[in-house]
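**Student:** Read in order, the letters of the sequence shown are residues 12 to 398 in this note's numbering.
Using N, Cα and C, we set each Cβ at its ideal position, and we do this for glycine too.
None of these values were measured; they are calculated from a predicted model.
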Amino acid sequence: AIWNRGVLGHMPSTSALHAIDLLKEVAANINGPDDFVQFELKATPQSTRHVVALNELRIAVALAFGNQQQGLAIGQDQQYPLKDGRNVSLMHLAISLGYVDLATLFARMGTFPECQLELVDLGDEIVNLAPNRTNYDEEQKFSIVNPFEGEEIILWRGRFWRHKPTSVWIPDEASSSASEDLLPSNLDKASSDASREDLTLQEVFDLRYVLGGTEEGPGQWACDWSSDLKTARGRRDTPAMHAALAGVSQGVVVASPDAEFQLLDAAILFGEAKVVAKLMESSTARVPLRLWRASDLLPNSDPWVLDVPEPAVANAAACAGLDLSRLQCQCQDIVGKVDDAETLFEAIIIKGYTNVARAMAMVRADACLTSLPFIVVNAAHNNNFGH
Numbered sequence: 012a013i014w015n016r017g018v019l020g021h022m023p024s025t026s027a028l029h030a031i032d033l034l035k036e037v038a039a040n041i042n043g044p045d046d047f048v049q050f051e052l053k054a055t056p057q058s059t060r061h062v063v064a065l066n067e068l069r070i071a072v073a074l075a076f077g078n079q080q081q082g083l084a085i086g087q088d089q090q091y092p093l094k095d096g097r098n099v100s101l102m103h104l105a106i107s108l109g110y111v112d113l114a115t116l117f118a119r120m121g122t123f124p125e126c127q128l129e130l131v132d133l134g135d136e137i138v139n140l141a142p143n144r145t146n147y148d149e150e151q152k153f154s155i156v157n158p159f160e161g162e163e164i165i166l167w168r169g170r171f172w173r174h175k176p177t178s179v180w181i182p183d184e185a186s187s188s189a190s191e192d193l194l195p196s197n198l199d200k201a202s203s204d205a206s207r208e209d210l211t212l213q214e215v216f217d218l219r220y221v222l223g224g225t226e227e228g229p230g231q232w233a234c235d236w237s238s239d240l241k242t243a244r245g246r247r248d249t250p251a252m253h254a255a256l257a258g259v260s261q262g263v264v265v266a267s268p269d270a271e272f273q274l275l276d277a278a279i280l281f282g283e284a285k286v287v288a289k290l291m292e293s294s295t296a297r298v299p300l301r302l303w304r305a306s307d308l309l310p311n312s313d314p315w316v317l318d319v320p321e322p323a324v325a326n327a328a329a330c331a332g333l334d335l336s337r338l339q340c341q342c343q344d345i346v347g348k349v350d351d352a353e354t355l356f357e358a359i360i361i362k363g364y365t366n367v368a369r370a371m372a373m374v375r376a377d378a379c380l381t382s383l384p385f386i387v388v389n390a391a392h393n394n395n396f397g398h
């Protein structure tokens with residue numbers, strides 16, 4: 012259109028003319044709202060007519076020229092059928108079918124009604140992560156061998172258990188508690204004997220792990236709570252999930268409790284602090300609990316290099332009220348000695364992530380600096396980090 016008005020001072024190129032002809036042809040095929048979508052062609056007499064895909068090019072043409080040509084305008088109140096019988100808007104379809112760019116564009120337009128998202132709208136991959144079960148998945152276990160005592164320690168049903176060849180399984184006293192009805196018959200609860208000589212959980216794991224991360228507010232264990240960050244994030248890396256998170260970010264999505272939980276878990280794993288903050292405003296928000304590893308957030312093997320590869324995840328976790336500040340890297344010096352290792356909180360300050368440090372300090376008011384005090388305080392001063 013700019014070229015045709017002579018604004019650029021020269022005739023449009025041949026390719027531009029072909030593109031204009033193509034857009035005109037696309038516009039000529041738009042006769043009504045149904046031309047923006049594709050319906051199931053193999054519908055049986057028992058199934059209902061429902062949308063399975065969007066015509067992105069037609070929608071783009073309508074968005075560009077809808078105000079200039081009658082019949083091209085997209086009706087924000089137009090409803091389309093889903094497979095489960097619900098009638099939803101075009102923006103809702105863009106989210107549930109995983110059209111991330113379109114969903115983001117529709118959300119920013121601010122003209123569509125709010126989307127009432129259900130868990131099924133996030134796709135089968137996400138539905139499979141949230142079956143009806145107890146808070147702890149019996150199949151999800153995390154095991155580590157304690158070299159100091161020759162025993163195996165397993166994290167199961169949200170609790171650490173230790174086992175020696177000559178003893179029964181008993182839960183570690185320092186771990187989070189589990190309800191009586193969640194304990195299997197072949198596992199015995201440990202007595203609260205403060206004098207027993209077993210290593211505490213903190214001594215065994217050297218602060219390399221955080222279980223859960225919060226003791227305040229309602230929480231629920233993620234189905235794959237023992238998975239590492241990369242694996243857990245990969246399971247949620249779907250178009251529908253990203254489209255839904257874009258909608259939440261723009262404030263146009265109202266999610267059911269189950270969908271809200273999955274969105275919050277994904278937002279933390281992807282480091283979307285803004286989305287986490289919006290979801291935490293809900294009265295039904297449940298904080299996703301999982302096993303957090305220092306090897307994911309503070310993977311330091313070189314004593315001379317401090318690496319914090321996921322500051323956005325640490326920030327998003329803090330926004331959800333998760334305290335990961337005490338995660339500690341395991342650095343060895345030249346002689347193989349581990350000494351004065353930085354915690355995640357210290358590393359965040361040293362690297363200059365001021366806003367992240369503030370968020371982490373808000374979650375844990377007693378977060379203390381246990382090493383490199385001069386360097387940490389000096390780095391905080393240089394980055395204008397306040398109390």
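Leaving out the 5 sequence neighbours to the left and right, which residues in its chain are closer than 8 Å to L74 when beta-carbon positions are compared?
**Tutor:** I85 and L116
**Student:** Are the CB atoms of A331 and M373 within a distance shorter than 8 Å?
**Tutor:** no
**Student:** Suppose contacts are defined by Cβ-Cβ distances below 8 Å. Is V48 in contact with V62 by that definition?
**Tutor:** yes
**Student:** Identify every residue that forms a DSSP beta bridge with A266.
**Tutor:** L128
**Student:** Whose C-alpha, out of P322, V319, I31 and F356, is nearest the C-alpha of R337?
**Tutor:** Proximity to R337 across P322, V319, I31 and F356 peaks at F356, based on C-alpha coordinates.
**Student:** Taking 7 Å as the limit between beta carbons, can you name the residues of its chain near S202, skipping five residues before and five after?
**Tutor:** Residue placement at S202 is poorly supported in this model, since its pLDDT is 27, which falls under 50; the coordinates still yield a value, given next. Nothing listed; no residue qualifies.
**Student:** List the DSSP bridge partners of P299.
**Tutor:** According to DSSP, which records beta bridges pairwise, P299 is partnered with Q231.
**Student:** Using the Cα positions of N112 and L65, report the straight-line distance between them to the nearest angstrom.
**Tutor:** Reading off the sequence shown, one finds Asp at residue 112, where the question assumed Asn. Taking the straight line from one Cα to the other gives about 12 Å.
**Student:** I need the DSSP call for P322, collapsed to helix, strand or coil.
**Tutor:** helix
**Student:** Looking at C-alpha atoms only, which residue of V316, E67 and A288 is the closest neighbour of A327?
**Tutor:** A288
**Student:** To the nearest angstrom, report how far apart N139 and D235 are at their CA atoms.
**Tutor:** 11 Å
**Student:** How is the alpha helix (DSSP H) around A27 delimited, first residue to last?
**Tutor:** T25 to A39
**Student:** Go ahead and label P158 buried or exposed: buried means 16 or more other beta carbons lie within 10 angstroms of its beta carbon, across all protein chains shown.
**Tutor:** Since pLDDT at P158 reaches only 46, below the 50 mark, its modelled position is unreliable, and the value read off the structure follows with that caveat. The residue in question, P158, is exposed, as its Cβ has fewer than 16 Cβ neighbours within 10 Å.
**Student:** I need the straight-line Cα distance from N311 to I361, nearest angstrom please.
**Tutor:** 14 Å
**Student:** So who's on the other strand from F356, going by DSSP bridges?
**Tutor:** According to DSSP, F356 bridges with nothing at all.
**Student:** Among P124, D46, T25 and W232, which residue has its Cα nearest to the Cα of G262?
**Tutor:** Minimum Cα distance to G262 is reached at P124.
**Student:** At the level of alpha carbons, what is the spacing between L290 and D318?
**Tutor:** 29 Å
**Student:** Per DSSP, what are the beta-bridge partners of F50 in this structure?
**Tutor:** V62
**Student:** To which residues does DSSP link N98 through a beta bridge?
**Tutor:** P92
**Student:** Between I70 and G258, which are expected to be in contact by the criterion C-beta below 8 Å, what is the C-beta distance as a whole number of angstroms?
**Tutor:** Contact check for I70 and G258: beta-carbon distance about 16 Å, past the 8 Å limit, so the pair fails to qualify.
**Student:** Per DSSP, which one or two residues make a beta bridge with Q273?
**Tutor:** DSSP lists no partner for Q273.
**Student:** Can you tell me whether W315 is buried or exposed? The criterion is at least 16 other CB atoms within 10 Å of its CB, across all chains shown.
**Tutor:** When all chains shown are included, W315 counts as exposed.
**Student:** Whole-angstrom Cβ separation of Q273 and I137, contact assumed at under 8 Å?
**Tutor:** 5 Å
**Student:** On a Cα-Cα basis, can you pick out the residue from T225, A266, T122 and R304 that is closest to A243?
**Tutor:** That would be R304, whose Cα lies nearest to the Cα of A243.
**Student:** Over what stretch of residues does the alpha helix (DSSP H) that includes L240 continue unbroken?
**Tutor:** L240 to R246
**Student:** Straight-line CA distance for S26 to D32?
**Tutor:** 10 Å
**Student:** Could you tell me which residues DSSP pairs with G223 in its beta bridges?
**Tutor:** R301
**Student:** Which residues does DSSP pair with Q339 in a beta bridge?
**Tutor:** Partner(s): T354.
**Student:** Which residue marks the beginning of the alpha helix (DSSP H) containing V286, and which one marks its end?
**Tutor:** A284 to L290
**Student:** In the DSSP assignment, find the unbroken alpha helix (DSSP H) run with N366 in it and report its ends.
**Tutor:** T365 to V374
**Student:** Taking its Cβ as the centre, do 16 or more other Cβ atoms sit within 10 Å of H253, making it buried, or is it exposed?
**Tutor:** buried
**Student:** Check T122 in the structure and name its three-state DSSP category.
**Tutor:** Here T122 carries a coil assignment [DSSP, helix/strand/coil].
**Student:** Can you give the beta carbon distance from I270 to L104, rounded, assuming they're within the 8 Å contact cut?
**Tutor:** Note on identity: in this sequence residue 270 is Ala, with Ile being the wrong assignment. That pair is no contact at about 16 Å.
**Student:** Measuring alpha carbon to alpha carbon, tell me which residue in L335, K94 and G121 is nearest L52.
**Tutor:** K94
**Student:** Return the CA-CA distance between V131 and V264, expressed in angstroms with no decimal places.
**Tutor:** 14 Å
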